[in-house]
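Sequence order for the protein chains is A and B. Heads up: the first sequence begins at 1 in this note's numbering, then just goes up one per residue. Heads up: the second sequence begins at 1001 in this note's numbering, then just goes up one per residue.
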Amino acid sequence: MPRIAGVDIPDGKPIRIALRYIYGIGPANAELVLKEAGIDGQIRANKLTEDQLAQIATLIDNTYLVEGTLRRAISQNIARLRDIRCYRGDRHRRGLPVRGQRTRTNSRTRKGKRKTVAGKKGVKALK
Amino acid sequence: MARSQKKGPYVDEKLYRKVEKLNQMNRKEPIKTWARVCTVVPEFVGHTFLVHNGRMFNNVFVTEDMVGHKLGEFSPTRTFRGHTTGTKAQRSTGAI
């Protein structure tokens, strides 16, 4: 079973699909990596030679932020926004949408499950 | 959409000149400003601005991390004190 960028062990799928199991490598980056390495994306992950795998691994290590490093970079960016007490940081702190979306309705991804307020209009109708 | 690279960041002329003047004199004093759209440039670091939010001036001490943001981002325009916990009846009688 091939191993690239630490713990990721995708297998049996075409390599251009298998690479996407790495956090930080999506469809676009997968194609780019393979083009750079000169490897056919249709080859199954377990059919690749050791050399090819090593080539892909070093390429990803050197050019992309993936997995833990990427996750750390993202949370550092958010932490920075929080620390400088700017509007965006504030929105992150409160768990509300950051990019100016409406919050009167929707925004459930950020706000989480609905917290029903007793006595509010429409609550009786729900019962 | 992001601003054109060609133009460079938008910096309020008057404010910038004021900061430069203070920098030359090696002095630091709070600058009152309404220029919320002004980008924070490296020259501003270490200065304190009083950024208007429509009602009052908020103290903004500029640190290195703030470079590239707009002054207005640090002076919130809305006050949200949270929702009350009581019921409508309780609120109307002034119980809360």
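Heads up, the beta-carbon is just placed ideally off N, CA and C, and yes, glycines get one too.
- For residue 92 of chain A, no beta strand (DSSP E) segment is defined; the enclosing uninterrupted segment is the alpha helix (DSSP H) at 87-94.
- Cβ neighbours of residue 65 of chain A within its own chain (closer than 7 Å, five residues either side excluded): 24 and 73.
- For residue 1073 of chain B, the nearest CB of chain A lies under 8 Å from its own CB, placing it at the interface with that chain.
- Per DSSP, residue 1058 of chain B lies in no alpha helix (DSSP H) segment; the continuous beta strand (DSSP E) that holds it begins and ends at 1057-1061.
- Every alpha helix (DSSP H) stretch that sits fully inside the region 29-65 of chain A and reaches 4 residues is listed by chain position as 50-63.
- The C-beta distance from residue 1077 of chain B to residue 1059 of chain B rounds to 15 Å, too long to fall under 8 Å, and the pair is not in contact.
- In the three-state reduction of the DSSP assignment, residue 69 of chain A falls in the helix class.
- In the same chain as residue 39 of chain A, and ignoring 5 residues on each side of it, the C-beta atoms closer than 8 Å to its own belong to 15, 48, 52, 55 and 56, in chain order.
- Burial check for residue 1073 of chain B: the Cβ neighbour count within 10 Å reaches 16 or more, so the residue is buried.
- The beta-carbon of residue 1065 of chain B is placed less than 8 Å from the nearest beta-carbon of chain A.
- In the structure shown, residue 1077 of chain B falls within a coil segment according to DSSP collapsed to helix, strand and coil.
- When DSSP reads this structure, residue 78 of chain A sits in no beta bridge, so it has no partner.
- Here residue 1040 of chain B is buried, its C-beta having at least 16 other C-beta atoms within 10 Å.
- About 15 Å separates the beta carbon of residue 1045 of chain B from that of residue 1029 of chain B, a gap too long to meet the 8 Å contact definition.
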